[in-house]
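S.K.:
Chains as they are written, first to last, in our numbering: chain D, 13 to 114; chain W, 830 to 1135.
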């Protein structure tokens, strides 16, 4: 694979993951006031955390676990079940959690 | 009958020809296992979310729970877990380097990078043990009411006090109990003796109680230090249950990953894959190892950040 010359692509992903984690930790420690505004049941800061996490997850799965270079059918076999079932379960349980015993 | 032959010849069918997923059996099975494991972990994490949304106002805030860093005094929220995350990412990187070296049939490099991956895994499991130890031994102590609600001691300045500070005073006491155990009678007499002390629920919207109510709560209840499956000084016991279960299940994955990595490493040393002509086993175990890192990325966010 042409994009696999040398090891620079591994270290590139390493730095991306490191910087994102660093940003998350700094935001988690200082908790900037302007990010604490409440939207859709949580703060903007929490949404930022979740988006950054998804970016990290995408890099790990796509590059480290090599899914980016798999056949299209393989990508669908892996991504469709997880990207449908997990958000569905999350939505159902978090919605129910707010009503439990109320 | 030419159409049949065309079908077999058509290597672009599904984009993978006669092997529609373009992947070998072992790797495919590893992927399907990881997919089911991903659904298991999402079940755990969403169940955690369910409990958290149910007890939103009094759910423990992680930065008040995990505050220790080896060798440093005082509150160090997030630092330790950030280090653990770094170690796991680093060991994921050495794993990719091992797989990469395997593709080039470079036995020496595979040996080297596999060894670093195993070392990283060991450090991570050890760090988790350290984190568990501090979680179990406890920090400030709490009052558990007769209805099993957890309350923390505060002073007039709104500072959270440890039992050590309640009993020995602000000058003599430590911000953390350092494993020193206190009885209900000791805490009760100190609480009665200082009318400025009161109890408050944990979490971002916990209610505060008056001094008289606080004394009544402790008289009917008990003191709790540390956390286990039944009592949890940090707040809701479900927090401790989920913490032990999810980080424990993840830690067990890391541990088994280290064991499997070691088996593969040993086979690299023996030259098994050199004789076999390919290092695909390193790739398969690599997928498992990256998955462990992937799960940790989510555990880190939902347990420590959000």
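Even glycine gets a Cβ: it sits at the ideal position worked out from N, Cα and C. Predicted model, so just to flag it, every value in this text is computed and none were measured.
Ordered along the chain, which non-local residues of its own chain (more than five positions away) have a Cβ less than 6 Å from that of residue 914(W)?
M.R.: Looking up residue 914(W) in the second chain gives position 85. So the qualifying residues of the chain are 1129.
S.K.: Any contact of the region 1015-1034 of chain W with the region 941-958 of chain W, i.e. 3+ C-beta pairs under 8 Å?
M.R.: no
S.K.: Where does residue 1065(W) land, buried or exposed, given buried means 16+ other C-beta within 10 angstroms?
M.R.: The count along the second chain starts at 1 and reaches residue 1065(W) at position 236. By the 10 Å Cβ count, residue 1065(W) comes out buried.
S.K.: Tell me the rounded alpha-carbon separation between residue 894(W) and residue 1087(W).
M.R.: Within the second chain, the letter at position 65 stands for residue 894(W). Within the second chain, the letter at position 258 stands for residue 1087(W). If you take the alpha carbons of residue 894(W) and residue 1087(W), they lie about 28 Å apart.
S.K.: Under the three-state reduction of DSSP, which class applies to residue 973(W): helix, strand or coil?
M.R.: Locating residue 973(W) in the second chain gives position 144, counting from the first residue. Residue 973(W) falls in the strand class under three-state DSSP.
S.K.: Just the chain D side, please: which residues come within less than 8 Å of residue 876(W) by C-beta, in chain order?
M.R.: In the second chain, residue 876(W) corresponds to position 47, counting from 1. Under the 8 Å cutoff, chain D gives 105.
S.K.: For residue 51(D), which beta-bridge partners are listed by DSSP?
M.R.: On the first chain, position 39 is the one that residue 51(D) refers to. 54(D), per the DSSP bridge assignment.
S.K.: Using a Cβ-Cβ cut-off of less than 8 Å, give me the residues of the region 1071-1105 of chain W that come near chain D, in sequence order.
M.R.: none
S.K.: For residue 1056(W) and chain D, any beta-carbon pair shorter than 9 Å?
M.R.: Looking up residue 1056(W) in the second chain gives position 227. False, the Cβ-Cβ gap to chain D never drops below 9 Å.
S.K.: Could you tell me which chain D residues have their CB closer than 8 Å to the CB of residue 958(W), listed as they occur along the chain?
M.R.: Translated into positions along the second chain, residue 958(W) becomes position 129. The premise fails here: residue 958(W) is roughly 22 Å from chain D at the closest Cβ pair, so nothing lies under 8 Å.
S.K.: Using the Cα positions of residue 868(W) and residue 99(D), report the straight-line distance between them to the nearest angstrom.
M.R.: Here residue 868(W) refers to the residue found at position 39 when the second chain is read from its first residue. Here residue 99(D) refers to the residue found at position 87 when the first chain is read from its first residue. Going from the Cα of residue 868(W) to the Cα of residue 99(D) covers about 11 Å.
S.K.: Exposed or buried, residue 834(W), counting other C-beta atoms within 10 Å across all chains shown (16 or more means buried)?
M.R.: Working through the second chain from its first residue, we reach residue 834(W) at position 5. Because the pLDDT at residue 834(W) is just 44, under 50, the model does not fix this residue reliably, and the point stays unresolved.
S.K.: Answer yes or no: do residue 25(D) and residue 88(D) have a C-beta to C-beta separation smaller than 9 Å?
M.R.: Residue 25(D) sits at position 13 when you count from the first residue of the first chain. Residue 88(D) sits at position 76 when you count from the first residue of the first chain. No, Cβ-Cβ distance for residue 25(D) and residue 88(D) is not below 9 Å.
S.K.: Closest to residue 1136(W) by CA distance: which of 19(D), 38(D) and 66(D) is it?
M.R.: Within the shown structure, residues of chain W are numbered from 830 to 1135, placing residue 1136(W) beyond reach of any answer.
S.K.: Give me, in chain order, the residues of the same chain whose beta-carbon lies closer than 6 Å to that of residue 955(W); leave out the 5 immediate sequence neighbours on both sides.
M.R.: To locate residue 955(W), count along the second chain from 1; it is residue 126. Answer for residue 955(W): no residue qualifies.
S.K.: Answer with yes or no whether the minimum CB distance from residue 82(D) to chain W is below 9 Å.
M.R.: For the purposes of this step, residue 82(D) is taken as residue 70 along the first chain, with counting starting at 1. Output row for residue 82(D): interface = yes.
S.K.: Would you be able to state if there are at least three C-beta pairs under 8 Å between the region 1113-1120 of chain W and the region 854-865 of chain W?
M.R.: In the pairwise beta carbon analysis, the region 854-865 of chain W is classified as touching the region 1113-1120 of chain W: at least three pairs are separated by under 8 Å.
S.K.: Buried or exposed, going by whether 16 or more other CB atoms sit within 10 Å of the CB of residue 20(D)?
M.R.: As a first step, residue 20(D) is located in the first chain; it is residue number 8 there, counting from the start. Exposed, since its Cβ has fewer than 16 Cβ neighbours within 10 Å.
S.K.: So, residue 960(W) versus residue 910(W), is the Cβ gap smaller than 9 Å?
M.R.: Translated into the one-based positions of the second chain, residue 960(W) becomes position 131. Translated into the one-based positions of the second chain, residue 910(W) becomes position 81. Result yes, Cβ atoms of residue 960(W) and residue 910(W) sit closer than 9 Å.
S.K.: Taking 8 Å as the cut-off, is the CB of residue 111(D) close to at least one heavy atom of the ligand MN?
M.R.: Of the ligands one can find in the structure shown there are none, so the ligand MN has no counterpart to examine.
S.K.: Let me know if residue 836(W) comes out buried or exposed under the rule of 16 or more other beta-carbons within 10 Å of its beta-carbon.
M.R.: Start at 1 with the first residue of the second chain, and residue 836(W) comes out as number 7. Its pLDDT being 46, under 50, residue 836(W) is placed unreliably in this model, and the value from its coordinates should be taken loosely. Residue 836(W) counts as exposed, since fewer than 16 other beta carbons sit within 10 angstroms of its beta carbon.
S.K.: Taking C-beta to C-beta, are residue 36(D) and residue 850(W) nearer than 9 Å?
M.R.: Along the first chain, read from residue 1 onward, the residue named residue 36(D) stands at position 24. Along the second chain, read from residue 1 onward, the residue named residue 850(W) stands at position 21. It is not a contact, given that the beta carbons lie outside the stated cut-off.
S.K.: Go ahead and label residue 50(D) buried or exposed: buried means 16 or more other beta carbons lie within 10 angstroms of its beta carbon, across all protein chains shown.
M.R.: As a working note, residue 50(D) is residue 38 in the first chain. So residue 50(D) counts as exposed.
S.K.: Go ahead and pull the three-state DSSP assignment for residue 1029(W).
M.R.: The residue given as residue 1029(W) occupies position 200 in the second chain. It is a strand residue.
S.K.: For chain D, check one thing: does any of its Cβ atoms lie closer than 9 Å to the Cβ of residue 943(W)?
M.R.: The residue labelled residue 943(W) in the question sits at position 114 within the second chain. With 9 Å as the cut-off, residue 943(W) does not count as an interface residue toward chain D.
S.K.: Any C-beta of chain D sitting closer than 9 Å to the C-beta of residue 854(W)?
M.R.: As a working note, residue 854(W) is residue 25 in the second chain. Not an interface residue.
S.K.: For residue 20(D), decide whether its Cβ has a neighbour in chain W, counting only Cβ atoms nearer than 9 Å.
M.R.: Taking the first chain and counting its residues from 1, one reaches residue 20(D) at position 8. By this cut-off, residue 20(D) is not an interface position.
S.K.: Expressed to the nearest angstrom, what Euclidean distance is found between the alpha-carbon atoms of residue 994(W) and residue 957(W)?
M.R.: By one-based count along the second chain, residue 994(W) stands at place 165. By one-based count along the second chain, residue 957(W) stands at place 128. Taking the straight line from one Cα to the other gives about 28 Å.
S.K.: Any chance you could list the alpha helix (DSSP H) runs of at least 4 consecutive residues sitting entirely within the region 844-908 of chain W, in chain order?
M.R.: For the region 844-908 of chain W, whole alpha helix (DSSP H) runs of length 4 or above, ordered along the chain, are 854-883 and 891-894.
S.K.: I want to verify the contact list: residues of chain D whose CB lies under 7 Å from the CB of residue 1119(W), in sequence order.
M.R.: Numbered from its first residue, the second chain carries residue 1119(W) at position 290. Within chain D, the residues near residue 1119(W) are 72, 76 and 77.
S.K.: Alpha carbons only, please: which of 1122(W), 905(W) and 1118(W) is nearest the one belonging to residue 1004(W)?
M.R.: Here residue 1004(W) refers to the residue found at position 175 of the second chain. Out of 1122(W), 905(W) and 1118(W), the CA that lies nearest to the CA of residue 1004(W) is found in 905(W).
S.K.: State yes or no: is the beta carbon of residue 46(D) nearer than 9 Å to at least one beta carbon in chain W?
M.R.: Here residue 46(D) refers to the residue found at position 34 of the first chain. Output row for residue 46(D): interface = no.
S.K.: Taking the alpha carbon of residue 1124(W) as the reference point, which residue from 1095(W), 1079(W) and 1098(W) has its own alpha carbon closest?
M.R.: Taking the second chain and counting its residues from 1, one reaches residue 1124(W) at position 295. Cα-wise, what sits closest to residue 1124(W) is 1079(W).
S.K.: Could you name the residues that DSSP lists as bridge partners for residue 989(W)?
M.R.: Counting from one through the second chain, the residue named residue 989(W) turns up at place 160. For residue 989(W), which the question treats as bridged, DSSP gives the partners 983(W).
S.K.: Have a look at residue 1118(W) and residue 77(D) and give me their C-alpha separation to the nearest angstrom.
M.R.: As a position in the second chain, residue 1118(W) is number 289, starting the count at 1. As a position in the first chain, residue 77(D) is number 65, starting the count at 1. So the two alpha carbons sit approximately 9 Å from each other.
S.K.: Note the first and the last residue of the continuous beta strand (DSSP E) segment covering residue 79(D).
M.R.: Along the first chain, one-based indexing puts residue 79(D) at 67. Premise fails: residue 79(D) is in no beta strand (DSSP E) and is neither H nor E.
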